[in-house]
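Numbering (the numbering used here), first residue to last: 17 to 212.
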Amino acid sequence: MSATHALKVAAAKVLADIVTEGYEQLRKEAEPEFAALRTQYNARTLDAALPDGTVLGTISILGGPASRKFNMSAIAAIVANDDPDEFVEQIRPEAVADPDLLAFVRDHMPHLLVKKIRDEHLKRVFKRVDENGYLKDAAGTLIKVAEVTRGEPTGEFRYKATPAAREAVWAAWEAGILQPFLGDLVRPAVEAGEGQ
Numbered sequence: 017m018s019a020t021h022a023l024k025v026a027a028a029k030v031l032a033d034i035v036t037e038g039y040e041q042l043r044k045e046a047e048p049e050f051a052a053l054r055t056q057y058n059a060r061t062l063d064a065a066l067p068d069g070t071v072l073g074t075i076s077i078l079g080g081p082a083s084r085k086f087n088m089s090a091i092a093a094i095v096a097n098d099d100p101d102e103f104v105e106q107i108r109p110e111a112v113a114d115p116d117l118l119a120f121v122r123d124h125m126p127h128l129l130v131k132k133i134r135d136e137h138l139k140r141v142f143k144r145v146d147e148n149g150y151l152k153d154a155a156g157t158l159i160k161v162a163e164v165t166r167g168e169p170t171g172e173f174r175y176k177a178t179p180a181a182r183e184a185v186w187a188a189w190e191a192g193i194l195q196p197f198l199g200d201l202v203r204p205a206v207e208a209g210e211g212q
């Protein structure tokens, strides 16, 4: 019996690798098409459906990569107004080099102290900044706190299957409906001519 299990495991792994490689290739082929749809028509989602119209899920076409350059002065002003307890006092780095200064800095040299937003709170604030660089303060006012630079869409996408997708795809595969679309994806490597 263990020889049968070994065969099943080995064959399933080889087939899974073939399918995974085929899937990755299909993704690479789809990305330029999806990038063009996003760039030319601002398409953000596509329904993935069988030929009979059964929806299998949604393809979400991602926008291009974005980078943010935060205006820390604006963020500090919002935090000072909304969450003043989220600041911590720190000694400027240049003051740390003088051991005598460290002992007296708070009482005798307060000009060397700077306020800084606590790291944990700053991370939460960054998460609240919307995709266009705006942060809503406690009063509900949107304030621009980051410049967002967007790159061109690359075609990168995500797929979210419907709950019934697995059953529908399996039925379509058994009925021969998907072979014209995916036959090469699951054909064993020997039949596909690999290594020739």
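In this text, a Cβ means the ideal position worked out from N, Cα and C, and glycines have one as well. As the structure is a prediction and not an experimental result, all values here were calculated from the model.
Just so you know, the alpha carbons of LYS132 and VAL25 end up roughly 57 Å apart. At least 8 Å separates the beta-carbon of THR74 from that of LYS143. If the five residues before and after ALA64 are omitted, its C-beta is found closer than 6 Å to the C-beta atoms of LEU72, GLY73 and ILE75, all from its own chain and listed in chain order.
In this structure, THR165 lies near SER83, with their beta-carbon atoms less than 8 Å apart.
Look at ARG174 here: in three-state DSSP terms it is strand. With at least 16 other beta carbons inside 10 angstroms of its own, PHE173 counts as buried.
When the alpha-carbon of MET125 is set against those of ARG54, VAL112 and HIS137, the nearest one is in VAL112. Around ARG54, the same chain offers ILE77 and PRO169 as residues with beta carbons nearer than 6 Å, after the five sequence neighbours per side are excluded. In the structure shown, the three-state DSSP call for LEU72 is strand. Between ARG134 and VAL104, the gap from beta carbon to beta carbon is short of 8 Å. Secondary structure at VAL104: strand, using DSSP grouped into helix, strand and coil. According to the DSSP assignment, ASP98 belongs to the alpha helix (DSSP H) that extends over 88-98.
The beta carbon of VAL121 lies closer than 8 Å to those of ILE107, ALA111, LEU128 and LEU129 in the same chain, with the five residues before and after it left out. Between the C-alpha atoms of GLY80 and ILE159 there is a straight-line separation of about 24 Å. Looking at the DSSP output, VAL164 bridges to ARG84. Residue state for VAL130 is assigned as strand, using DSSP reduced to three classes. Beta bridge pairing from DSSP links ALA65 with VAL71.
Here the alpha carbon of PRO100 sits roughly 59 Å from the alpha carbon of LEU198. Collapsing the DSSP output to three states places LEU158 in a strand.
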